[in-house]
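Asker: Per this note's numbering, the very first residue in the sequence shown carries number 6; after that it's consecutive. From the three backbone atoms N, C-alpha and C, an ideal C-beta is built for every residue, glycine too. Small disclaimer: the values here were computed from a predicted structure and weren't measured.
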Amino acid sequence: MSVRCLVTVVIPAYNVAPWLPMLFEGLDSQTFRDFETIFVDDGSTDRTGEILDMYAGSRDRVKVFHQPNSGVSTARNTGVDAASGEFVVFIDSDDTVSPSYLADLFHLSTSLDLDVAMCNGWRFHERPGDMNDHPLVVLPKPEGVMSGVDWFETTFNEGEWCGYIYMTMVKREFLRKHAIRFKDGLLAINDLLWVATVQPKADRVAYTPKQSYYYRLTPGSIVNDQSISGKLRRINSHAVAIEELWRMAETESPRVAKLLSHLAAAQGRILLTRIAEIGSMRQRIAISAELRNRGFLARLFRDTETIGHRKRIVRAYWFAWLGAFTDQKASFTFFS
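(1) Identify whether SER217 lies in helix, strand or coil by the three-state DSSP scheme.
(2) Quick one: any contact between the stretch 15-27 and the stretch 72-85, if contact means 3 or more CB pairs under 8 Å?
(3) Would a C-beta distance cut-off of 9 Å place THR173 and VAL150 closer than the cut-off?
(4) For the alpha helix (DSSP H) containing ALA412, list its first residue and its last residue.
(5) Here's a check: name, in chain order, each residue in its chain whose Cβ is nearer than 8 Å to the Cβ of GLU178, leaving out the five neighbours to either side.
(6) Just to check my reading of the structure: ARG221 and PHE95 have Cβ atoms closer than 8 Å, yes? What is that Cβ distance to the nearest angstrom?
(7) Does the contact criterion of 3 or more C-beta pairs under 8 Å hold for the stretch 244-251 versus the stretch 149-166?
(8) Among the candidates GLY31, ALA303, HIS243, whose CA atom is the shortest distance from the CA of PRO133?
(9) Ordered along the chain, which non-local residues of its own chain (more than five positions away) have a Cβ less than 8 Å from that of ASP118?
(10) Please report how far the alpha carbon of ALA329 lies from the alpha carbon of ARG297, in whole angstroms.
(11) Since ILE290 and ILE280 should fall inside the 8 Å C-beta cutoff, what is the C-beta to C-beta distance between them, to a whole number of angstroms?
(12) Considering only the beta carbon of each residue, do THR42 and ARG9 sit closer than 9 Å?
(13) The beta strand (DSSP E) spanning GLU163 covers which residue range?
(14) So, helix, strand or coil for VAL12, using DSSP?
(15) Is it buried or exposed, ASN195, if we count other Cβ atoms within 10 angstroms and call 16 or more buried?
(16) Return the Cβ separation of MET123 and TYR212 in integer angstroms, given the expectation that the two are a contact with Cβ distance under 8 Å.
(17) Assign ASP65 to one of three DSSP states: helix, strand, or coil.
(18) List the DSSP bridge partners of GLU41.
(19) When DSSP labels each residue in this structure, what does ASN125 get in the three-state scheme?
(20) Beta-carbon within less than 6 Å of TRP166's beta-carbon, same chain only, minus the 5 sequence neighbours each way: which residues are those?
(21) So, is GLN272 buried or exposed, given that buried needs 16 or more other C-beta atoms within 10 angstroms?
(22) Cutting at 8 Å between CB atoms, please list the residues of its own chain near LEU192, excluding the five before and the five after it.
(23) Please tell me whether VAL121 and ALA184 are closer than 9 Å, where the distance is taken between their beta carbons.
(24) Alpha carbon to alpha carbon, how far is PRO140 from PRO205? Give it in angstroms, no decimals.
(25) Can you tell me whether THR36 is buried or exposed? The criterion is at least 16 other CB atoms within 10 Å of its CB, across all chains shown.
(26) Please classify GLY164 as buried or exposed, where buried requires at least 16 other C-beta atoms within 10 Å of its C-beta.
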């Protein structure tokens with residue numbers, strides 16, 4: 006397929022009608038103009054699909070695909086499959102971007118011949134510029150070009166690894182060459198898993214501290230859903246993603262395998278915190294028992310180095326043991 010534009014912007018969308026006007030404003034304000042936008046309406050039940058079709062009808066190089074609800078990973082894969090740009094970026098449909106977002110990443114990518122270019126961003130509530138805004142990346146990052154493995158190792162060891170897909174521009178040919186796709190079915194942290202796949206395979210990566218992406222703290226999003234079902238979905242996705250990191254580590258070099266195992270352990274600690282937030286004792290017992298039966302807790306204990314974090318794992322074992330000797334039982338099964 007011949008290249009029709011330099012950059013493809015892939016945007017999955019599900020029930021985000023209230024947020025689309027601000028996103029459109031960000032896209033229309035881009036100072037870099039040689040790009041196409043691909044929206045994937047993932048079975049929305051509000052006016053999202055209708056609004057996207059209206060926007061596409063009045064703009065050049067805007068495509069809208071409608072599909073049954075399949076999750077953000079599948080939607081992103083649909084967008085990448087339809088892309089024609091030399092480079093690909095991803096924007097979440099409830100977020101927005103600064104006018105220089107594409108220009109910043111494209112200039113960094115082309116001036117340094119990068120596989121992967123990264124920028125910084127801001128969290129916001131109502132509009133970018135809220136007084137309680139704060140940057141997504143806080144610590145200073147290495148300057149200049151590095152290999153993806155060096156970048157991963159350096160930033161992870163410094164305590165702030167950048168796993169943000171929406172602040173990343175990548176060559177489309179790079180994705181094709183390495184057959185990199187999103188894992189279907191994950192409801193959360195699928196972007197972290199994708200970035201953990203991309204970075205170690207990149208020969209040339211670089212970062213600009215320019216804060217070009219605006220990340221909305223959306224009360225209704227899956228990340229902030231505090232219902233029991235929402236918490237269980239996040240726990241489910243987290244566990245499956247961690248197991249995927251372990252599977253990835255099995256086929257990588259010792260250096261990359263160690264990094265992926267450390268990332269899995271860090272995510273495992275977050276997972277155990279989320280389990281502790283479940284108010285139902287029966288559910289905590291059921292989840293802990295399932296993690297034990299899958300060998301998850303044993304692997305996590307092995308990869309965790311600090312005493313404090315190992316205590317959390319022992320506590321999870323205790324809940325699993327408690328379920329075996331009491332009637333405090335509930336069912337919980339992970340998808341895979």
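Answerer: On the basis of the supplied data:
(1) Taking the first residue of the sequence shown as 1, we reach residue 217 at position 212. Note: SER217 maps to strand in three-state DSSP.
(2) yes
(3) As a first step, residue 173 must be located in the sequence shown, where it is residue number 168. As a first step, residue 150 must be located in the sequence shown, where it is residue number 145. No, these two residues do not count as a Cβ contact at 9 Å.
(4) There is simply no residue 412 to check, as the chain begins at 6 and stops at 341 in what is shown.
(5) On the sequence shown, position 173 is the one that residue 178 refers to. Answer for GLU178: GLU91, listed in chain order.
(6) Sequence index remark: in the sequence shown, residue 221 carries index 216 (1-based). Sequence index remark: in the sequence shown, residue 95 carries index 90 (1-based). Between PHE95 and ARG221 the Cβ distance is about 15 Å, and since that is not below 8 Å, they are no contact.
(7) no
(8) Counting from one through the sequence shown, the residue named residue 133 turns up at place 128. Considering only alpha carbons, the answer is GLY31.
(9) Position 113 of the sequence shown holds residue 118. Counting only Cβ-Cβ distances below 8 Å, and skipping sequence neighbours, we find ARG209.
(10) Here the question's residue 329 lines up with position 324 in the sequence shown. Here the question's residue 297 lines up with position 292 in the sequence shown. Because the pLDDT at ALA329 is just 48, under 50, the model does not fix this residue reliably, and the point stays unresolved.
(11) Your numbering for residue 290 matches position 285 in the sequence shown. Your numbering for residue 280 matches position 275 in the sequence shown. Rounded, the Cβ-Cβ distance is 10 Å, inconsistent with contact.
(12) By one-based count along the sequence shown, residue 42 stands at place 37. By one-based count along the sequence shown, residue 9 stands at place 4. Contact flag unset, no.
(13) Position 158 of the sequence shown, counted from the first residue, corresponds to residue 163. First-last for GLU163: undefined, no H or E at that position.
(14) What you label residue 12 is simply residue 7 of the sequence shown in a count that begins at 1. Strand, per DSSP.
(15) As a position in the sequence shown, residue 195 is number 190, starting the count at 1. By the 10 Å Cβ count, ASN195 comes out buried.
(16) As a working note, residue 123 is residue 118 in the sequence shown. As a working note, residue 212 is residue 207 in the sequence shown. That pair is a contact at about 5 Å.
(17) Translated into positions along the sequence shown, residue 65 becomes position 60. Residue state, collapsed to three classes: coil.
(18) For the purposes of this step, residue 41 is taken as residue 36 along the sequence shown, with counting starting at 1. In the DSSP output, where bridge partners are listed per residue, GLU41 has THR13.
(19) As a position in the sequence shown, residue 125 is number 120, starting the count at 1. It is a strand residue.
(20) Reading the sequence shown from its first residue, position 161 is the one you call residue 166. Closer than 6 Å at the Cβ level, and outside the excluded window around TRP166, lie THR160.
(21) As a first step, residue 272 is located in the sequence shown; it is residue number 267 there, counting from the start. Per the 10 Å Cβ criterion, buried.
(22) Translated into positions along the sequence shown, residue 192 becomes position 187. Only GLY76, VAL77, ILE227, ARG238, ARG239, ASN241, SER242 meet the Cβ criterion.
(23) Counted from its first residue, the sequence shown places residue 121 at position 116. Counted from its first residue, the sequence shown places residue 184 at position 179. No. Outside cutoff.
(24) For the purposes of this step, residue 205 is taken as the residue at position 200 of the sequence shown. For the purposes of this step, residue 140 is taken as the residue at position 135 of the sequence shown. For PRO205 and PRO140, the distance between alpha carbons rounds to 25 Å.
(25) One-based indexing of the sequence shown puts residue 36 at position 31. THR36 is exposed by the Cβ-count criterion.
(26) Translated into the one-based positions of the sequence shown, residue 164 becomes position 159. Exposed, because fewer than 16 other Cβ atoms sit within 10 Å of the Cβ of GLY164.
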